[in-house]
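If you read the protein sequences in the order shown, they are chains D and E. For our numbering, add 44 to where a residue sits in the first sequence, where the first one is 1. For our numbering, add 44 to where a residue sits in the second sequence, where the first one is 1. Ideal Cβ placement from N, Cα and C applies to all residues, glycine included. Keep in mind that this is a model prediction, so the values were computed, not measured.
There are 2 protein chains.
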Amino acid sequence: MRQIYFHRDSKRGVNGTYNWLVDEVKELGDALKTNNKKALEDEFADVIAWLSSLANVADVDLEAAAMNKYPNKCPKCKYTPCNCTF
Amino acid sequence: MRQIYFHRDSKRGVNGTYNWLVDEVKELGDALKTNNKKALEDEFADVIAWLSSLANVADVDLEAAAMNKYPNKCPKCKYTPCNCTF
Numbered sequence: 045m046r047q048i049y050f051h052r053d054s055k056r057g058v059n060g061t062y063n064w065l066v067d068e069v070k071e072l073g074d075a076l077k078t079n080n081k082k083a084l085e086d087e088f089a090d091v092i093a094w095l096s097s098l099a100n101v102a103d104v105d106l107e108a109a110a111m112n113k114y115p116n117k118c119p120k121c122k123y124t125p126c127n128c129t130f
Numbered sequence: 045m046r047q048i049y050f051h052r053d054s055k056r057g058v059n060g061t062y063n064w065l066v067d068e069v070k071e072l073g074d075a076l077k078t079n080n081k082k083a084l085e086d087e088f089a090d091v092i093a094w095l096s097s098l099a100n101v102a103d104v105d106l107e108a109a110a111m112n113k114y115p116n117k118c119p120k121c122k123y124t125p126c127n128c129t130f
């Protein structure tokens, strides 16, 4: 995503890119109410694409952040599968 | 995420998991307004974690969906970097 879009994302900035992400999450919500699997897959792709763009603009390594917080076990109870009681 | 959380996600269902995702996107928006890098990384991790949980519940392969729509080039102009004129 950085190679494809960073030149555009960096000009748009954090706020504008965050607003796009919010819009894509809404579109994903709409797609979840339909039975169109291809459209649903495309909306999931769009959300992760915009989340990735936002991470690039915010200078966050999305994959590293995810792996640090969720290192194949629940960060709260430390178990796989999660054994939290709440 | 499937190994850690699917037993919980599948009970919660699509609507409840989507609502959690929306809440996490809001928290990410709040974190973007601060200067706390660790908190920001954690919020990015939470959004991708809940997006992954939602994909599992909706029976969508998130990675495949992303790679199908964004195969290292812009899906609209077909260029890397994106050369769209809009």
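- Beyond the five residues adjoining it in sequence on each side, D/Glu87 comes within less than 6 Å, by CB distance, of Glu71, Leu72, Ala75 in the same chain, given in chain order.
- Counting along the chain, E/Phe50 sits inside the alpha helix (DSSP H) bounded by residues 46-76.
- Beta-carbon to beta-carbon, D/Cys128 and D/Lys120 are separated by about 5 Å, close enough to satisfy the 8 Å threshold.
- Looking at the backbone, the Cα of D/Ser97 and that of E/Lys55 are separated by about 31 Å.
- Counting every other CB atom within 10 Å of its CB across the protein chains shown gives D/Glu107 a total below 16, marking it as exposed.
- Sequence-ordered contacts of the region 85-111 of chain D with chain E read Glu85, Asp86, Glu87, Phe88, Ala89, Asp90, Val91, Ile92, Ala93, Leu95, Ser96, Leu98, Ala99, Ala102, Asp103, Val104, Asp105, Leu106, Glu107, Ala108, Ala109, Ala110, Met111 [C-beta pairs closer than 9 Å].
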